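J.: Protein chains in written order, with numbering that gives the first Met the number 0: chain A, 0 to 187; chain B, 0 to 187.
For glycine and all other residues, C-beta sits at the position ideal for the given N, C-alpha and C.
From a predicted model like this one, the values you see are computed outputs, not experimental measurements.
Provided herewith is a single structure, encoded as structure tokens, for subsequent inquiry.
Protein chains: 2
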Amino acid sequence: MDFDVGTRLKQIREQHGLSQRALAQKAGVTNGTISLIEQNRSSPSVSSLRKVLQGIPMSLAEFFSSDDLPPPEQIFFKNTELVELAEELKGTVGQVSFRQVGDLRGRNLQILHERYAPGADTGRTMLQHESEEGGIVVKGKIELTVGDRKQILAPGDAYLFDSRIPHRFRNVGDEDCELISACTPPYL
Amino acid sequence: MDFDVGTRLKQIREQHGLSQRALAQKAGVTNGTISLIEQNRSSPSVSSLRKVLQGIPMSLAEFFSSDDLPPPEQIFFKNTELVELAEELKGTVGQVSFRQVGDLRGRNLQILHERYAPGADTGRTMLQHESEEGGIVVKGKIELTVGDRKQILAPGDAYLFDSRIPHRFRNVGDEDCELISACTPPYL
DNA sequence: CTAGCATGTTTAATAAATTAAACAACCCCT
DNA sequence: AGGGGTTGTTTAATTTATTAAACATGCTAG
């Protein structure tokens, strides 16, 4: 009782500026099929639905992850408008600052401006969230541990990994380290 | 875009220690249906599949997000290892550099180190990709236009928007501008 | 060894989705 | 006002999925 296939398909089709016939042709089905599906008067087989979505194109996974379209929100953020995420970081040692772009309501993308004081350390070893995560170092040096791999990154260096692997950040230098990171979907 | 519904269902069913008949009863379908689906000899309608998954229980979204563990990949990237994305930028004016973290194969997250020379301009107005996009300015100034909104961002300032809205970046200052951006899912 | 019960597979009848083509409504253009 | 093009909707014919019941195999107890 939780997923309205017809409405979802219609919404997606219209977002892509396609008519029923246009989509039908790209998908290799008839326009009638699309019409009936959108009215929930027929429940497509997954093979049909896959064909239809290939005309978008969109994966079945995307289709069923009902992330609804975000309403018009704030686009630009002044330096001072980034929101500090101080609370959540229980295991951390030393001074760490995570400043987030926007409030993420309805978003898949989280962008952070991170700052680590010398010696600062996220006890994140235990943390594994269901995301992908990456970033680029802007200033200073950071030691990053991901699973059984460890490396020190300098300005301009970068990282990208699956957040389900336990990971940890540690500033082993003697100046502040800044980096800009992204995460999808957001970690809290 | 090849999704083996039968194999996936069988895998899930067995992980939950259910026989075809046991699952069939909980789901309100017959065992034959499950057998045929698992052999890919019939492609269930999404209403049937939903019924079946309710017997697990599991959502359609979970079913189709085939969360298989990613193969071990490169995690750390030296400054010089970022890959230049020079080719794709047809409409651009002036000197622009997009340097990407990793090659993105199998990833949802794209992270770029972008550099705009004074006067550089992406003719991106026409571009609308199916993503969410955001970033933080590191150096210099950039004018960002998103839909009918425009703003000049300075170091520390940030942005976050739905990439389906037409957008454009322009360096209106007289020094190089650098920013770090992220995009999900990747734009090419 | 065999009777009983579980498993997954197959088959003919039935129910449902998909097609092909026609229908009605709306816009735009001359 | 009317054509020619679009749009989404509907209907009968066809294809496909689903059912109900039989079939085959393997396991275990007596």
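(1) With three or more beta-carbon pairs closer than 8 Å as the criterion, would you say the segment 160-180 of chain A touches the segment 136-149 of chain A?
(2) So, is His166(B) buried or exposed, given that buried needs 16 or more other C-beta atoms within 10 angstroms?
(3) Please state the DSSP three-state secondary structure of Ser41(A).
(4) Please say whether Val45(B) and Pro43(A) have beta carbons closer to each other than 8 Å?
(5) Do Leu152(A) and Lys140(A) count as a contact pair if the criterion is CB distance below 8 Å?
(6) Just mark Asn107(A) as buried or exposed, buried being the case when its beta carbon has 16 or more other beta carbons within 10 Å.
(7) What residue range is occupied by the uninterrupted alpha helix (DSSP H) comprising Phe62(B)?
(8) Interface residues of chain B around Arg12(A) at Cβ under 7 Å?
(9) Where Gln10(B) and Ala60(A) are concerned, what is the direct C-alpha to C-alpha distance, given to the nearest angstrom?
(10) So, does the CB of Asn170(B) fall closer than 8 Å to a CB anywhere in chain A?
(11) Taking 8 Å as the CB-CB cut-off, is Asn30(B) touching chain A?
(12) Roughly how many angstroms lie between the CA atoms of Arg98(B) and Arg114(B), to the nearest whole one?
(13) For Gly49(A), tell me which candidate among Val4(B), Thr32(B) and Arg49(B) has the shortest Cα-Cα distance.
(14) Give me, in chain order, the residues of the same chain whose beta-carbon lies closer than 6 Å to that of Ala119(B); leave out the 5 immediate sequence neighbours on both sides.
(15) Any C-beta of chain A sitting closer than 8 Å to the C-beta of Pro56(B)?
(16) Can you grab the Cα-Cα spacing for the pair Ala26(B) / Ala21(A), in whole Å?
(17) Measure the Cβ-Cβ separation of Arg47(B) and Thr29(B) and say whether it is below 8 Å.
(18) Which chain B residues are close to Gly133(A), counting only those with a beta carbon under 8 Å from its beta carbon?
(19) Just the C-alpha distance for Pro69(B) and Gly172(B), rounded to the nearest angstrom, thanks.
(20) Taking just the CA atoms, how far does Phe62(A) sit from Ala193(B)?
(21) Tell me which residues share the same chain as Gln19(B) and place their Cβ nearer than 8 Å to its Cβ, disregarding the 5 neighbours each side in the sequence.
(22) Can you list, in chain order, the residues of its chain with a C-beta nearer than 7 Å to that of Pro154(A)? Leave out the 5 residues immediately preceding and following it.
(23) Quick check: is the beta carbon of Val51(B) nearer than 8 Å to any beta carbon in chain A?
(24) Is there a Cβ of chain A sitting closer than 8 Å to that of Ala23(B), yes or no?
(25) Please tell me whether Val137(B) has its Cβ less than 8 Å away from any Cβ of chain A.
(26) Counting C-beta neighbours from all protein chains within 10 Å, is the total for Glu132(A) 16 or more, i.e. buried, or is it exposed?
(27) Taking Cβ positions, are Thr79(A) and Ser130(A) nearer each other than 8 Å?
(28) Identify every residue that forms a DSSP beta bridge with Gly134(B).
(29) Is there a Cβ from chain B that is less than 8 Å from the Cβ of Leu159(A)?
(30) Along chain B, which residues have their Cβ under 7 Å away from the Cβ of Ser46(A)?
(31) Going along chain A, which residues have a C-beta under 7 Å from Ala116(B)?
(32) Of all the options His15(B), Ser41(B), Asp175(B) and Arg40(B), which has the alpha carbon lying nearest to the alpha carbon of Gly54(B)?
(33) Select from Asp161(B), Asp175(B), Leu52(B) and Gln150(B) the residue whose C-alpha is nearest the C-alpha of His112(B).
T.: Quick look at the numbers:
(1) yes
(2) buried
(3) coil
(4) yes
(5) yes
(6) buried
(7) Leu59 to Phe63
(8) Correct list: empty, because the minimum Cβ distance to chain B is about 13 Å.
(9) 17 Å
(10) no
(11) no
(12) 8 Å
(13) A small correction: the amino acid at residue 49(A) is Arg; Gly does not occupy that position in the sequence shown. Checked all of Val4(B), Thr32(B) and Arg49(B); the closest Cα to Arg49(A) is Val4(B).
(14) Gly93, Gln94, Val95 and Asn170
(15) no
(16) 36 Å
(17) The residue asked about is misnamed: residue 47(B) is Ser in this sequence, not Arg. Result no, Cβ atoms of Ser47(B) and Thr29(B) do not sit closer than 8 Å.
(18) Val100, Gly101, Leu108, Ile110 and Ala181
(19) Note that Pro69(B) scores a pLDDT of 42, beneath 50, so its modelled location is shaky and nothing firm can be said.
(20) With chain B covering only 0 through 187, there is no way to say anything about residue 193(B).
(21) Arg12, Asn30, Ile33, Ser34 and Glu37
(22) Val136, Val137 and Lys138
(23) no
(24) no
(25) yes
(26) buried
(27) no
(28) Tyr158(B) and Ser180(B)
(29) yes
(30) Ser42
(31) Under the 7 Å cutoff, chain A gives no residues; its nearest Cβ is about 18 Å from Ala116(B).
(32) His15(B)
(33) Asp175(B)
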